[in-house]
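What follows is a short report on a single structure.
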């Protein structure tokens with residue numbers, strides 16, 4: 046089978062490469078000529094464990110191709126996946142311009158039956174717009190060509206995306222016809238030979254399933270963060286609470302870890318989009334609005350803990366010298382989660398901005414993120430030394446006033462505490478992900494502050 050995937054971002058590139066692993070001939074399409082040339086040269090634009098080797102193997106095998114022209118490949122494929130970006134507008138709604146542009150191109154060039162599958166996360170009702178766009182272009186051409194649209198939302202976790210795609214716990218597909226269902230069944234059967242866990246449903250339900258899934262996970266995270274903040278006030282330990290409620294089979298133990306807020310390209314965007322969809326339909330998602338509010342507050346918790354350590358206010362007057370001014374804070378972890386270089390909506394960015402505004406300096410280290418994109422506005426702070434990118438985790442702690450862990454990379458789990466104690470001006474650890482044992486660190490002479498402990 047030959048397919049095309051439009052968009053070589055996280056979803057599109059991972060999906061395309063994984064399809065080639067089962068022998069499918071895949072052409073990845075992107076309007077960004079520089080990115081396509083880099084992919085042809087073996088330069089991968091995202092960090093995902095194992096992806097580099099898979100790209101090289103399948104390019105060498107002749108199964109994986111890259112191009113900037115969808116029109117050139119439309120009539121050579123049976124299925125086209127649309128995995129283009131759907132960035133949020135200022136009001137939180139999903140911007141569908143790129144999704145509809147793909148549909149327009151398909152309608153302008155198709156000459157045989159095919160299925161256009163939306164893999165991007167899109168609001169309910171998008172498939173109708175896609176179908177109408179294709180049909181409008183066919184009508185302009187005065188031709189009659191059968192086609193189907195479908196919805197196949199992705200459920201990939203950054204850092205484990207290849208495993209998720211190759212061994213999915215389920216595949217959700219929304220279709221309108223048996224012909225489209227048969228084609229999608231053929232395409233996905235190799236991934237699920239032993240247990241065919243494809244859930245076929247109507248298209249609006251498939252579109253909604255993606256938003257509902259991410260919003261549920263975000264809700265569990267915000268619930269535990271809310272509980273963690275209360276635990277601190279009443280003297281309870283949120284880790285003990287998590288074990289207690291996670292043992293209940295009705296609840297389970299997934300996504301019950303308290304921390305310093307969720308980020309990334311999915312949860313924040315999808316929660317906002319679902320809230321906006323509800324408003325468009327005259328309904329208020331009260332729970333999700335609270336989930337979003339809790340998460341925005343949780344991203345400031347680390348700064349508040351630093352402030353409390355120095356007994357300073359988190360509100361600074363321009364004329365007032367704060368107790369954070371000229372202090373240096375070591376930060377471990379910048380990406381929003383381990384095993385990715387994604388900084389979108391990352392808690393580290395919120396923390397660094399707060400520290401810089403308070404007059405502090407930061408020494409940062411992340412195993413993968415080695416620089417900040419210009420749009421974050423940190424260029425001047427880097428130039429004047431307010432932000433220092435450390436060579437390794439220990440370099441980050443050198444003569445810093447305290448250490449703050451933000452992202453729970455594996456290499457941070459069992460460091461040499463004696464080296465760190467000598468490097469820091471004060472033996473203070475603020476653990477934003479609760480990965481350390483408070484009792485152990487206190488025995489080693491550290492002051493420990495976690496989340497909900």
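Residue numbers (our numbering): 46 to 498. No residue lacks a Cβ here, since even glycine has one placed at the ideal position from N, Cα and C. Because the structure is a prediction, the values reported are computed rather than measured.
How about residue i and residue j: are their beta carbons less than 8 Å apart?
i, j, result
"residue 284", "residue 343", "no"
"residue 298", "residue 497", "no"
"residue 214", "residue 242", "yes"
"residue 322", "residue 382", "no"
"residue 218", "residue 197", "yes"
"residue 472", "residue 495", "no"
"residue 127", "residue 162", "yes"
"residue 434", "residue 415", "yes"
"residue 477", "residue 305", "yes"
"residue 118", "residue 72", "yes"
"residue 458", "residue 475", "no"
"residue 201", "residue 260", "no"
"residue 377", "residue 438", "yes"
"residue 307", "residue 258", "no"
"residue 469", "residue 441", "no"
"residue 199", "residue 174", "no"
"residue 178", "residue 131", "no"
"residue 413", "residue 380", "yes"
"residue 252", "residue 172", "yes"
"residue 101", "residue 87", "yes"
Buried or exposed: which applies to residue i, given that a residue is buried once 16 or more other Cβ atoms fall within 10 Å of its Cβ?
i, result
"residue 60", "buried"
"residue 278", "exposed"
"residue 369", "buried"
"residue 363", "Reliability of the predicted coordinates at residue 363 is poor, the pLDDT of 45 falling under 50, and the value obtained from them is presented with this limitation in mind. The residue in question, residue 363, is exposed, as its Cβ has fewer than 16 Cβ neighbours within 10 Å."
"residue 464", "exposed"
"residue 313", "buried"
"residue 365", "For residue 365, the predicted structure reports a pLDDT of 42, less than 50, and the residue's modelled location is therefore unreliable. A value from the coordinates is still provided. Its Cβ having fewer than 16 others within 10 Å, residue 365 is exposed."
"residue 390", "buried"
"residue 455", "exposed"
"residue 58", "buried"
"residue 212", "exposed"
"residue 152", "buried"
"residue 148", "buried"
"residue 193", "buried"
"residue 188", "exposed"
"residue 168", "buried"
"residue 288", "exposed"
Going by DSSP, name the residue or residues bridged to residue i.
i, result
"residue 492", "473"
"residue 111", "73"
"residue 193", "160"
"residue 3", "In the structure as shown, the chain begins at 46 and stops at 498. Residue 3 is therefore absent and cannot be evaluated."
"residue 127", "51 and 163"
"residue 450", "377 and 476"
"residue 244", "217"
"residue 133", "139"
"residue 233", "For residue 233, which the question treats as bridged, DSSP gives no partner whatsoever."
"residue 434", "409"
Taking the alpha carbon of residue i as the point to measure from, which residue in the options has its own alpha carbon closest?
i, options, result
"residue 84", "110, 51, 432 and 69", "110"
"residue 157", "177, 339, 121 and 167", "121"
"residue 4", "333, 301, 407 and 336", "This structure does not reach residue 4, given that the chain is present from 46 up to 498, and the question cannot be answered."
"residue 247", "115, 99, 221 and 328", "221"
"residue 231", "154, 266, 290 and 123", "123"
"residue 405", "386, 367 and 440", "367"
"residue 436", "410, 448 and 461", "410"
"residue 245", "441, 225, 136 and 235", "225"
"residue 462", "454, 325, 108 and 485", "485"
"residue 419", "394, 329, 413 and 400", "394"
"residue 352", "265, 199, 449 and 86", "449"
"residue 315", "136, 106, 397 and 105", "136"
"residue 309", "340, 346 and 228", "340"
"residue 184", "327, 56 and 155", "155"
"residue 421", "388, 429, 430 and 402", "388"
"residue 325", "175, 53 and 138", "138"
"residue 267", "132, 346, 216 and 223", "346"
"residue 46", "300, 235 and 265", "235"
"residue 238", "460, 249 and 216", "216"
"residue 81", "50, 280 and 429", "50"
"residue 350", "102, 86, 70 and 493", "493"
"residue 89", "113, 62 and 106", "62"
"residue 79", "134, 195 and 113", "113"
*Would the segment 60-73 and the segment 131-144 be scored as touching if the rule is three or more Cβ pairs under 8 Å?*
no
*Does the segment 373-380 touch the segment 318-338, meaning 3 or more C-beta pairs lie closer than 8 Å?*
no
*Counting pairs of Cβ atoms below 8 Å between the segment 93-101 and the segment 199-208, do you hit three or more?*
yes
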